[in-house]
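What follows is one structure encoded as structure tokens, with my remarks underneath.
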Amino acid sequence: MFSRIDHVGIACHDLDASIAFYRDTFGFTVSHEEVNEEQGVREAMLRANGTDDGQASYIQLLQPLREDSPVGKFLARNGEGVHHVAFGTDDVAAAGQAMRDRGLRTLSEHPRNGSMGSSIMFLHPKDCGGVLTEMVQASGTETHQT
Ligand code: V0V
Ligand code: CO
């Protein structure tokens with residue numbers, strides 16, 4: 008079902024400051040940066056291993072575009088910190104259905120657009136032991152029908 012930790016999402020107030028911290032302290036550099044209006048974030052992917060072939064693992068730094076967004080609300084409530092964990096899969100729609108079959112709530116019916124052309128779905132944190140859990144199908148990876 009899941010083949011890797013695709014990324015760990017970290018909420019921050021100032022994306023540039025957080026990028027600088029990860030670069031200067033840990034030596035990670037930005038692999039990709041984009042704005043995702045639908046998700047309400049400006050985000051940066053810092054590759055932790057591998058190559059950008061859809062199988063690597065990343066730290067995802069997330070700055071909210073507005074207060075009334077998932078990351079904006081999280082920051083107001085908790086301050087900066089780990090926001091979600093994302094597992095990689097080669098078929099996110101099938102993974103979402105499999106999780107629903109197991110009684111978990113997906114936060115959208117269909118996959119949404121994620122970073123670097125990926126397809127993503129979230130599972131409700133209350134169904135995952137308090138962890139907001141994301142499923143990611145990397146760009147260019149094949150969708151298998153089940
Ligand atoms: C909220 N809760 C969390 C949480 N956010 N628990 C763990 N981790 C989080 N990040 C808890 C919250 O404390 C409440 O617990 C409960 O869930 C319900 O909260 P709520 O106030 O009713 O709900 P909201 O409005 O804060 O929404 C929470 C959800 C929302 C998870 C439904 O954040 C959401 O739809 N997230 C999915 C989209 C997303 O996060 N996008 C940004 C990343 P108590 O107080 O009732 O105990 S975008 C991204 O990762 C991309 C683009 C990518 O990877 O490519
Ligand atoms: Co994410």
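Numbering (my numbering), first residue to last: 8 to 153. Using N, Cα and C, we set each Cβ at its ideal position, and we do this for glycine too.
Item                                                                                      : Value
Which of helix, strand or coil DSSP assigns to residue 68                                 : strand
6 Å Cβ shell around residue 12 - same chain, five flanking residues per side excluded     : 64
Exposure of residue 42, with buried meaning 16 or more beta-carbon neighbours within 10 Å : exposed
Residue from 68, 62, 45 and 44 with nearest C-alpha to residue 53                         : 68
Residue 10 burial status per 10 Å Cβ neighbour count (16 or more: buried)                 : exposed
Assigned secondary structure, residue 98 (DSSP; H/G/I helix, E/B strand, else coil)       : coil
Beta strand (DSSP E) segment containing residue 13, residue limits                        : 11 to 18
Assigned secondary structure, residue 140 (DSSP; H/G/I helix, E/B strand, else coil)      : strand
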